[in-house]
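Enquirer:
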Amino acid sequence: MLRTFAEHELRESESLDGRWAFAIDPDGGEQPPEEWGDTIQVPSCWELRPGLETYRGVAWYRTEIELEEACHVRLVFGGVAHHAQVWVDGEVIGDHYDAYTPFALIATRLAEGAHEVVVRVDNRFGPASALHIENDYYSWGGITRPAMVEFIGDTFIERLHATPSRVRGEWQLAVSVQVRNLSAEAVERDVVIALEGMVLDCGTISLPAGGVVEATGTLKRLPVEAWSADNPALYQVGAFLRADGSVIDDMIDRVGFRTVAVRGKKLLLNGEPLALRGFNRHESHACFGSSLPLQAMAQDLELIRSSGANFVRTCHYPNDQRFLDLCDELGLYVWEESHARDIPFDQPAYAEQMATNTAEMVAWHYNHPAIVIWGCLNECDSISDAGVAEHARILQILRDHDGSRPVSFASNKQVDDRALHLVDIVSWNLYPGWYGGGPETVAPKLTEMLSWLRARDNRSGAKGKPVIMSEFGGGAFYGCRQTEAAKWSEEYQAQLLDESLRVYLGSADVVGVAIWQYADCRVTAGWGVQRPRTHNNKGMLDEYRRPKLAWHAVTKHFQAAAMAELQTRAAADR
Ligand code: ADA
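Residue numbers (our numbering): 25 to 598.
(1) Whose C-alpha, out of E158, Y121, A320, is nearest the C-alpha of V145?
(2) For V2, which option in G166, E174, E238 has the closest C-alpha, if you only look at C-alpha atoms?
(3) State the Cα-Cα distance for the pair R442 and I367, rounded to the nearest angstrom.
(4) With respect to 6 Å, is the separation between the Cβ of R526 and the closest non-hydrogen atom of the ligand ADA below this value?
(5) Going by C-alpha to C-alpha distance, which of S330, D41, C504, A45 sits closest to S315?
(6) Under three-state DSSP, which class holds Y121?
(7) Quick check: what's the CA-CA separation for Q517 versus E361?
(8) Applying the criterion that 16 or more other CB atoms from any shown protein chain within 10 Å of the CB defines a buried residue, is C95 buried or exposed?
(9) Can you pull the DSSP bridge partners for P188?
(10) What three-state label does DSSP hand H363 in the structure shown?
(11) Please report the straight-line C-alpha distance between A500 and K562, rounded to a whole angstrom.
(12) How long is the line joining the alpha carbons of M394 and A123, rounded to whole angstroms?
(13) CA-CA distance, Q323 and V450?
(14) Is it true that the CB of S308 sits closer than 7 Å to the CB of C545?
(15) Examine the ligand ADA and report whether any of its heavy atoms sits within less than 6 Å of the Cβ of E495.
(16) Can you give me the C-alpha to C-alpha distance between F335 and V112, rounded to a whole angstrom?
(17) Does DSSP put E93 in a helix, a strand or coil?
(18) DSSP beta-bridge partners for W23?
(19) Measure from the alpha carbon of V66 to the alpha carbon of each residue in V116, M172, Y568, then state which is nearest.
(20) Which of the three DSSP states is assigned to N402 in this structure?
(21) Quick check: what's the CA-CA separation for M275 versus R478?
(22) At which residue ranges does the stretch 554 to 591 contain complete beta strand (DSSP E) runs of 3 or more residues, listed in the order of the chain?
(23) Could you tell me if the beta carbon of D481 falls within a distance shorter than 6 Å of some heavy atom in the ligand ADA?
(24) How big is the Cα-Cα spacing for V97 and V110?
(25) How far does the alpha helix (DSSP H) with L477 in it extend, from its first residue to its last?
(26) Quick check on P463: does DSSP put it in helix, strand or coil?
(27) Quick one: using the 10 Å Cβ neighbour count with 16 as the cut-off for buried, is T168 buried or exposed?
(28) When you compare only the Cα positions, how much space is there between F46 and A108?
(29) Ends of the alpha helix (DSSP H) at G552?
(30) Between I117 and A83, which are expected to be in contact by the criterion C-beta below 8 Å, what is the C-beta distance as a whole number of angstroms?
(31) Taking the alpha-carbon positions, what's the P463 to D424 distance?
(32) From this set, D268, G262, L293, S270, which residue's C-alpha is nearest R278's C-alpha?
(33) Which residue comes first and which comes last in the beta strand (DSSP E) that contains R287?
(34) Within the present structure, is the beta-carbon of R305 separated from the nearest heavy atom of the ligand ADA by less than 6 Å?
(35) Does A128 come out as helix, strand or coil in the three-state DSSP assignment?
(36) Say yes only if the C-beta of D405 is nearer than 6 Å to one or more non-hydrogen atoms of the ligand ADA, and no if none qualify.
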């Protein structure tokens, strides 16, 4: 399953998870192999197979689907790392770039019976890959997230977006339903939306041959509870397609009623100041690579919640929808960002790949109440004129696709940054105490940055905006314990995090903190030369989720902050 719940009650679908035929293709062939001799688990990373630990190349996957009657099929992949080309019965039906966004491809008018599905997967670097590059995290290979096949008719619901808002003290839900017509004739269809027993007829739409039409409607005066980390109240919203009075298709998603806004230097959730405290988390695990099963994601979120954290930044790419579903269910706030970490803008494929990845992230993840901030372009060029223009372009894509959430990018350009006027929230990646100086440099560095930002003559365009410390921390090897707290020891890392959180959580100017990072993560070979163990060792846990001393220092601060928040709220309620 691509979600933690069923997205359809009427539409027939089947999971494609399981053993697929598998063949690596070191020559990077363009045609499916004659021999298949092997099988592999889907979803999984091929790097977890002995002998393929560092394989960077092409591999082929094959499975079969059985149709009980002639129909169209919609193949939905949660993520393929990182370039997928999909074949049905020997014909290419489409392709997709980037491991971190879902995609759906349609094969039309398939006859009853068995049909072959083949996927060519390529995780090589090079001019065709601008987002997956040698980097300080690993680019895995394979069909790394769940996949499924849906059996659809000529007209079907392709997308359902639901936007909650509060009007004169009452909750309402604006719903947009995108319907596609695969037939060669124009047809009319009725669209109905429903939420917890309340039904709204969105009227009849005329679908041109091969066209896509949007139906909209707003459910008003809804008797619902607000969503927040303390009360993650979720509601099912359904869209139903009717022909001649009969429901022929459906799509179900979940919504949480909450609003996110920036007012002055504050981030607001449902009109109240929101303080974010948590971690940067890569989809990276010693036992699963980037293909974490649901239980491992749940364990991460249980650990994160146990620390007193309420926030996760999906560094540096869109996450598995099931992880976001769990954040919706458990009540964690999420900064989700499109796929970029210090990438050059002059790669030939960059412009289109970055725009597509950003738009796909919002399109597929729009309804998650847990997502409170959209991010992009981590530590990219926000100094040159061209770099600032590119930030404007990508931030505008975020705003064009979703006007309901604040946007930001995590910057390491400090006072030289020239794109801060473009964001709703200023986000700083600062590493005092690691890339220079000791823990005693944390407080002065924050004072220096805030003095610059808030100065009367500050021309950054960001003077009065909220500030998030989007990355900070230092490295330690799990098990490296020593009395003298030298760098790479757990003792030093704990001291640095202790001081960093004392300073950042104690600042009225900082509305959020995201520690770099939750757990150690594997990095790619090119970065490996700079990273001991070819891992980024700044995790509070190691890659097996074994806690370092710093985890306990962090938990002390986060739990104290959570307790103080509860006491403040209790006092306000009295
Ligand atoms: C940057 C970057 C992270 C990581 C970090 C580090 O802030 O955004 O991905 O590389 O530095 O560990 O130095």
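Every residue gets a Cβ at the ideal spot worked out from N, C-alpha and C, and that includes glycine.
Expert: Straight from the coordinates:
(1) Y121
(2) This structure gives no information on residue 2, because the portion of the chain shown stretches from 25 to 598.
(3) 17 Å
(4) no
(5) D41
(6) strand
(7) 27 Å
(8) buried
(9) L197
(10) coil
(11) 6 Å
(12) Going by the sequence as given, residue 394 is Ala instead of Met. Computed Cα separation, rounded: 22 Å.
(13) 31 Å
(14) yes
(15) yes
(16) 41 Å
(17) coil
(18) As displayed, the chain neither begins before 25 nor continues past 598, which places residue 23 out of reach and without an answer.
(19) M172
(20) strand
(21) 47 Å
(22) none
(23) no
(24) 13 Å
(25) 466 to 478
(26) helix
(27) buried
(28) 14 Å
(29) 549 to 552
(30) Between A83 and I117 the Cβ distance is about 19 Å, and since that is not below 8 Å, they are no contact.
(31) 41 Å
(32) G262
(33) 284 to 287
(34) no
(35) strand
(36) no
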